[in-house]
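Structure first, then comments.
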Amino acid sequence: DTAVSQTPKYLVTQMGNDKSIKCEQNLGHDTMYWYKQDSKKFLKIMFSYNNKELIINETVPNRFSPKSPDKAHLNLHINSLELGDSAVYFCASSQGSTRRYFGPGTRLTVT
Amino acid sequence: KNEVEQSPQNLTAQEGEFITINCSYSVGISALHWLQQHPGGGIVSLFMLSSGKKKHGRLIATINIQEKHSSLHITASHPRDSAVYICAVGDSGGGADGLTFGKGTHLIIQP
């Protein structure tokens, strides 16, 4: 069984569109994250959510919003997509602040 | 805010060689993570450590809290070890997930 899954794996869309990336973890973890990896492969946290508290990295535009329908899911919604949003987005989970388990990534291309 | 430096940025070695990747940070931490990202893009957590040394197969991670330094060693390296290795440190100033990431070390093991 896949521990952390993301869909879709690839997403190509035009500027101005709204899109969502889904993430699910079956590890029973209490904390989930979204990371962005830029073209230089540098990882950067976007959000963390532990069922009680959403922590947002201050550099993330408010066009990005995480939505958690339940403890096992943390979906990423992006409004009004821009060229600069093109990147690989990784979902991850952990129990508290322990080891992160990463999803396979979603490569977003905005044209 | 913590500064995380990895060295070297790029490393090419022959199969069988002993590999060392270094990570240094500027401020005291709660824990240090080593991640591996394969050419296919997936990210795997290798180690999380806060003191001493951990070993898993041919991989060894050490940390010296006083010197604010960690090393990742690979013994009897193999072409399948070719990947980007990322150091990340956990501290209170590390953003939404408490992690500050290094820029990664790109390792190529030639047969």
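For the protein sequence lines, the chains are F and B, in the order given.
Under the numbering used here, the first residue of the first sequence is numbered 27, with each subsequent residue one higher.
Under the numbering used here, the first residue of the second sequence is numbered 48, with each subsequent residue one higher.
By construction, the Cβ of each residue, glycine as well, lies at the ideal position given by its N, Cα and C atoms.
What you are looking at is a predicted structure, and each value in this text was computed from that prediction instead of being measured.
Check the DSSP bridge columns for residue i and list the partner residues they point to.
i	result
residue 105 (chain F)	Bridge partners of residue 105 (chain F): none, in fact.
residue 53 (chain B)	B:70
residue 30 (chain F)	F:51
residue 126 (chain B)	In DSSP, residue 126 (chain B) forms no bridge with anything.
residue 92 (chain F)	F:102
residue 146 (chain B)	B:137
residue 61 (chain B)	B:157
residue 120 (chain F)	F:57
residue 99 (chain B)	B:110
residue 70 (chain F)	F:62
Could you spell out where the beta strand (DSSP E) holding residue i opens and where it closes?
i	result
residue 50 (chain F)	45-51
residue 153 (chain B)	152-157
residue 133 (chain F)	132-136
residue 109 (chain B)	106-111
residue 41 (chain F)	Per DSSP, residue 41 (chain F) belongs to no beta strand (DSSP E) and is neither H nor E.
residue 57 (chain F)	57-63
residue 86 (chain F)	Run containing residue 86 (chain F): none; DSSP gives neither H nor E here.
residue 94 (chain B)	90-96
residue 116 (chain B)	116-121
residue 80 (chain B)	78-84
Which whole-angstrom value is the C-beta distance of residue i and residue j, which I expect to be below 8 Å?
i	j	result
residue 132 (chain F)	residue 34 (chain F)	6 Å
residue 93 (chain B)	residue 135 (chain B)	Not really, about 11 Å apart at Cβ, beyond 8 Å.
residue 68 (chain B)	residue 118 (chain B)	7 Å
residue 70 (chain F)	residue 61 (chain F)	6 Å
residue 113 (chain F)	residue 63 (chain F)	6 Å
residue 116 (chain B)	residue 65 (chain B)	Contact flag wrong, Cβ pair sits at about 18 Å.
Please classify residue i as buried or exposed, where buried requires at least 16 neighbouring CB atoms within 10 angstroms.
i	result
residue 106 (chain F)	exposed
residue 152 (chain B)	buried
residue 86 (chain B)	exposed
residue 38 (chain F)	exposed
residue 100 (chain B)	exposed
residue 101 (chain F)	buried
residue 72 (chain B)	buried
residue 95 (chain B)	buried
residue 74 (chain F)	buried
residue 103 (chain F)	exposed
residue 103 (chain B)	exposed
residue 109 (chain F)	exposed
Identify which residue in the options has its Cα closest to the Cα of residue i.
i	options	result
residue 96 (chain F)	F:50, F:84 and F:117	F:50
residue 108 (chain B)	B:60, B:80, B:130 and B:53	B:80
residue 154 (chain B)	B:86, B:129 and B:120	B:129
residue 121 (chain F)	F:109, F:46, F:29 and F:57	F:57
residue 50 (chain B)	B:145, B:157 and B:158	B:145
residue 133 (chain B)	F:109, F:126, F:43 and F:108	F:126
residue 137 (chain B)	F:88, F:123 and F:64	F:123
residue 78 (chain B)	B:91, B:98, B:57 and B:103	B:98
residue 91 (chain F)	F:45, F:134, F:129 and F:98	F:45
residue 47 (chain F)	F:94, F:32, F:81 and F:85	F:32
residue 112 (chain B)	B:89, B:148, B:75 and B:120	B:75
residue 72 (chain F)	B:147, B:89 and B:156	B:147
residue 61 (chain B)	B:122, B:150 and B:149	B:122
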